[in-house]
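See below:
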């Protein structure tokens, strides 16, 4: 069995299960060392260099801690289910590609990381071999848990739910890596107050304030880190850059130096799982460095801006009452008159574009219930949604906040501001 | 730039308005399945496939004055939200191409929009299961497993499977046998 992993968030992550040790050693899992967890956040928080590998280990560790606690409380599940949910925690992000959100929207639209995850777990991979060697039914069981389709529902929700191991680790880890305090909460205490009632994860009322802290952590991390305007500016630029690269490849008009695996995706040819597993952050960085000396002026400019942190600027955070869609044409004209192609140099970014969320209490009407809530168990063994018990959460979680920014190069900013004010 | 808003707005318009957030979610999920280029990701929760991004976009669209949202009561007396295109809104401005992407689906949209949320949830669940490799023969048992609290009858499940095959053959082809 390997030595425990020394971890900046959890101190030590022991690996005392053979299945886990073998999964970690697979090439598909080792690839996660080469995929950053927070994509473009490094331009805002220079410490945000951690990888999906470290996060995945952390999720596995938190899951094991939670399961240990629930078992001590008397909750039961089958041994194979145990292996499956721990493996699911470890492998939940295995299908992510480089700069995942941008990748899924631009490079490989229509195929999300969840689908790649399913292929990795069920396909001709080292991961599948390891799982199948443990039990032939294990890959399918892991997929059922990841897909939310296993009948032991609380196990599914511990992987992906409102109080899941994934969020618990990434809030703490992203907070540590970025140097911000927003994501900190008392993990040990939250674990201690978890329980299972009627097949659902619940929180004992004595832990209400600890879960409030966790929900606040989600809220502040969302608005201050994941939705940070600088980070979003770098992401919209990357989207435009990769879109330009795809366009040039499709039109055949530009020699596009990049690695072979990345080429197969940008060029739109049939993409195998092998191709996908061959791509990581390094392929994208190598390509961008090459493109910074390209003949195509747009590709060259966008690549240079991305490499050298010459970010698009937010014109303003648009108040929703001000929004007028008929302004779009005027903004396009304005940007064009400044000498920039609006197809690549004008971007709108919205809260709905951010692949994170924070806790929202849904209205409890039976007709429209969409997703599980965080449930509190009172002393009288009654369960209720947390905002019914917590004034803090009720204030925070009753309404979805939205926002949007328009991004343009700094050179266009004044002209666009003037156009918007007219 | 607003192609995703355009698709959602056009759907609401073609459906003649949509009662219920769950119904809207399931309509988008099902139409995405047959090839309408909705971009929102869905995850399976207790009540079937759900998209956080779609929920956020609908709120944005209400705040931006593209959609109206009115609280109404269902026939059973439960509160729900009715979504409609705001009168006078020039939806085509959002993205003409996206706007036309739904033209071929008028009949399907009307049929789906006439179903209640329960039937749509069942249909969406079946499609989700097919996506995740469950064979048709496995679907009834799996639905009863996952949706025990909904107490779907055998007749409901088999009718939904028939509908899935008749109305959504493209989706079935993609899922295999």
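Protein chains in written order, with my numbering: chain A, 1 to 422; chain B, 1001 to 1177.
Even glycine gets a Cβ: it sits at the ideal position worked out from N, Cα and C.
Handout entry: Proximal residues to residue 183 of chain A (C-beta, below 7 angstroms), its chain only, five neighbours per side dropped
Key = Along the first chain, read from residue 1 onward, the residue named residue 183 of chain A stands at position 183. Excluding positions up to five away in sequence, the list reads 171, 172, 174, 175, 217 and 221.
Exercise for the section: Verify whether the separation of the beta carbon atoms of residue 168 of chain A and residue 85 of chain A is less than 8 angstroms. Expected result: Within the first chain, the letter at position 168 stands for residue 168 of chain A. Within the first chain, the letter at position 85 stands for residue 85 of chain A. Not a contact, by the Cβ cut-off of 8 angstroms.
Practice task
Could you tell me whether the Cβ atoms of residue 400 of chain A and residue 1059 of chain B are closer together than 8 angstroms?
Solution key: The count along the first chain starts at 1 and reaches residue 400 of chain A at position 400. The count along the second chain starts at 1 and reaches residue 1059 of chain B at position 59. Yes. Within cutoff.
Practice task
Taking residue 402 of chain A as the query, report the chain B residues whose CB atoms sit under 8 angstroms from its CB, ordered along the chain.
Solution key: For the purposes of this step, residue 402 of chain A is identified with residue 402 of the first chain, where counting begins at 1. The answer, in chain order, is 1056, 1059, 1060 and 1063.
Exercise for the section: Would you identify the three-state DSSP class for residue 25 of chain A, choosing helix, strand or coil? Expected result: Here residue 25 of chain A corresponds to residue number 25 of the first chain, with the count starting at 1. Coil at residue 25 of chain A, not helix or strand.
Exercise for the section: Return the CA-CA distance between residue 1190 of chain B and residue 26 of chain A, expressed in angstroms with no decimal places. Expected result: The question about residue 1190 of chain B has no answer here: the residues shown for chain B are numbered 1001 through 1177.
Exercise for the section: Starting from residue 149 of chain A, find everything on chain E with Cβ-Cβ shorter than 9 angstroms and list it in chain order. Expected result: In the displayed structure, chain E is absent; the protein chains listed are A and B.
Problem - Neighbourhood of residue 321 of chain A by C-beta, 6 angstroms cutoff - its chain only, sequence neighbours within 5 removed - result: The residue given as residue 321 of chain A occupies position 321 in the first chain. Model confidence at residue 321 of chain A stands at a pLDDT of 49, short of 50, so the residue's coordinates are unreliable; what they give is reported in the following sentence. Closer than 6 angstroms at Cβ, skipping near neighbours: no residue.
Handout entry: Exposed unless 16 or more other CB atoms sit within 10 angstroms - verdict on residue 1132 of chain B
Key = Position 132 of the second chain, counted from the first residue, corresponds to residue 1132 of chain B. It is buried - the Cβ of residue 1132 of chain B has at least 16 other Cβ atoms within 10 Å.
Handout entry: Whole-Å CB distance - residue 407 of chain A paired with residue 314 of chain A, under 8 angstroms assumed
Key = As a working note, residue 407 of chain A is residue 407 in the first chain. As a working note, residue 314 of chain A is residue 314 in the first chain. About 6 angstroms; that satisfies the 8 angstroms criterion.
Handout entry: For residue 1155 of chain B, three-class secondary structure by DSSP
Key = Start at 1 with the first residue of the second chain, and residue 1155 of chain B comes out as number 155. DSSP places residue 1155 of chain B in helix when its eight states are reduced to three.
Problem - Where the alpha helix (DSSP H) containing residue 423 of chain A begins and where it ends - result: In this structure chain A extends from 1 to 422, so residue 423 of chain A is not present and cannot be described.
Practice task
For residue 1156 of chain B, return the contacting residues in chain A, with the cut-off set at a CB-CB distance below 7 angstroms.
Solution key: By 1-based counting over the second chain, the position of residue 1156 of chain B is 156. Simply none; closest approach about 18 angstroms.
Handout entry: Between the CA atoms of residue 112 of chain A and residue 276 of chain A - distance to the nearest angstrom
Key = The residue given as residue 276 of chain A occupies position 276 in the first chain. The residue given as residue 112 of chain A occupies position 112 in the first chain. Going from the Cα of residue 276 of chain A to the Cα of residue 112 of chain A covers about 12 angstroms.
Practice task
For chain B, find out if any of its Cβ atoms is closer than 8 angstroms to the Cβ of residue 357 of chain A; answer yes or no.
Solution key: Taking the first chain and counting its residues from 1, one reaches residue 357 of chain A at position 357. Yes, contact with chain B.
Problem - CB contact below 8 angstroms: residue 1053 of chain B versus chain A - result: Position 53 of the second chain holds residue 1053 of chain B. Chain A, which has a Cβ nearer than 8 angstroms to the Cβ of residue 1053 of chain B, makes this yes.
Problem - Close Cβ partners of residue 1176 of chain B (< 6 angstroms) along its chain, the five nearest in sequence each way excluded - result: The residue labelled residue 1176 of chain B in the question sits at position 176 within the second chain. Below a pLDDT of 50, predicted positions are generally treated as unreliable, and residue 1176 of chain B, at 48, falls in that range; the measurement from the model is reported next regardless. Closer than 6 angstroms at Cβ, skipping near neighbours: no residue.
Problem - Cross-chain neighbours of residue 1105 of chain B in chain A, by beta carbon under 9 angstroms - result: Locating residue 1105 of chain B in the second chain gives position 105, counting from the first residue. Within chain A, no residue comes near residue 1105 of chain B; the closest Cβ sits about 18 angstroms away, beyond 9 angstroms.
Practice task
Give the C-beta separation of residue 1018 of chain B and residue 1083 of chain B to the nearest angstrom, bearing in mind that I take them to be a contact with Cβ-Cβ under 8 angstroms.
Solution key: Against the second chain, residue 1018 of chain B aligns to sequence position 18. Against the second chain, residue 1083 of chain B aligns to sequence position 83. Their Cβ separation, rounded to whole angstroms, is 5 angstroms, which keeps residue 1018 of chain B and residue 1083 of chain B in contact under 8 angstroms.
Exercise for the section: Name the two residues that bound the continuous alpha helix (DSSP H) containing residue 1010 of chain B. Expected result: As a first step, residue 1010 of chain B is located in the second chain; it is residue number 10 there, counting from the start. Its alpha helix (DSSP H) spans residues 1003-1014.
Exercise for the section: Would you please verify whether the beta carbon of residue 112 of chain A is less than 8 angstroms from any beta carbon of chain B? Expected result: Reading the first chain from its first residue, position 112 is the one you call residue 112 of chain A. It does; some Cβ of chain B falls within 8 angstroms.
Practice task
Flag residue 1013 of chain B as yes if its beta-carbon sits less than 8 angstroms from any beta-carbon of chain A, otherwise no.
Solution key: Within the second chain, residue 1013 of chain B is the residue found at index 13, counting from 1. For residue 1013 of chain B, the answer is no, since every Cβ of chain A falls outside 8 angstroms of its Cβ.
Practice task
Sort A:123, A:67, A:351 and A:283 by Cα distance to residue 36 of chain A and report the nearest one.
Solution key: Taking the first residue of the first chain as position 1, residue 36 of chain A is located at position 36. Out of A:123, A:67, A:351 and A:283, A:283 has the C-alpha closest to the C-alpha of residue 36 of chain A.
Handout entry: Beta carbon proximity, residue 320 of chain A to chain B, threshold 8 angstroms
Key = The residue given as residue 320 of chain A occupies position 320 in the first chain. Here the model assigns residue 320 of chain A a pLDDT of 46, short of 50, so the residue's position is not dependable, and the following value carries that caveat. So, interface residue.
Exercise for the section: Could you tell me which of A:224, A:382, A:358 and A:233 sits nearest to residue 397 of chain A, measuring between CA atoms? Expected result: To locate residue 397 of chain A, count along the first chain from 1; it is residue 397. It is A:358 whose Cα lies nearest to the Cα of residue 397 of chain A.
Handout entry: Close-in-space but distant-in-sequence residues of the same chain around residue 83 of chain A (CB under 7 angstroms, 5 per side omitted)
Key = Translated into positions along the first chain, residue 83 of chain A becomes position 83. Cβ within range, chain order: 19, 134 and 138.
Problem - Beta-carbon gap between residue 377 of chain A and residue 209 of chain A smaller than 8 angstroms - result: Along the first chain, read from residue 1 onward, the residue named residue 377 of chain A stands at position 377. Along the first chain, read from residue 1 onward, the residue named residue 209 of chain A stands at position 209. Contact flag unset, no.
Exercise for the section: Classify residue 407 of chain A as helix, strand or coil using the three-state DSSP reduction. Expected result: One-based indexing of the first chain puts residue 407 of chain A at position 407. Here residue 407 of chain A sits in strand by DSSP.
Problem - Beta-carbon spacing of residue 1117 of chain B, residue 1057 of chain B below 8 angstroms - result: Your numbering for residue 1117 of chain B matches position 117 in the second chain. Your numbering for residue 1057 of chain B matches position 57 in the second chain. Cβ distance not < 8 angstroms, so residue 1117 of chain B and residue 1057 of chain B don't count as in contact.
Exercise for the section: Rounded to whole angstroms, what's the CA-CA distance from residue 59 of chain A to residue 336 of chain A? Just pull it up for me. Expected result: If you number the first chain from 1, residue 59 of chain A lands on position 59. If you number the first chain from 1, residue 336 of chain A lands on position 336. Their backbone Cα atoms lie some 47 angstroms apart in a straight line.
Practice task
Keeping to the same chain, check which residues put their C-beta closer than 8 angstroms to that of residue 299 of chain A; ignore five residues upstream and five downstream.
Solution key: Working through the first chain from its first residue, we reach residue 299 of chain A at position 299. Hits under 8 angstroms: 241, 244, 245, 248, 254 and 291.
Problem - Residue-chain proximity (residue 1083 of chain B, chain A), Cβ-Cβ < 8 angstroms - result: Counting from one through the second chain, the residue named residue 1083 of chain B turns up at place 83. No, because no Cβ of chain A sits closer than 8 angstroms to the Cβ of residue 1083 of chain B.
Exercise for the section: Go to residue 191 of chain A, then tell me how far its alpha helix (DSSP H) extends in each direction, as first and last residue. Expected result: Locating residue 191 of chain A in the first chain gives position 191, where the first residue counts as 1. Start and end: 187-192.
Handout entry: Contact check, residue 159 of chain A vs residue 101 of chain A, beta carbons under 8 angstroms
Key = Numbered from its first residue, the first chain carries residue 159 of chain A at position 159. Numbered from its first residue, the first chain carries residue 101 of chain A at position 101. Not a contact, by the Cβ cut-off of 8 angstroms.
Handout entry: Contact list for residue 351 of chain A against chain B, beta-carbon separation under 8 angstroms
Key = Mapped onto the first chain, residue 351 of chain A falls at position 351. Correct list: 1056 and 1060.
Problem - Closest by C-alpha distance to residue 146 of chain A, when choosing among A:7, A:390, A:4 and A:115 - result: Locating residue 146 of chain A in the first chain gives position 146, where the first residue counts as 1. It is A:115.
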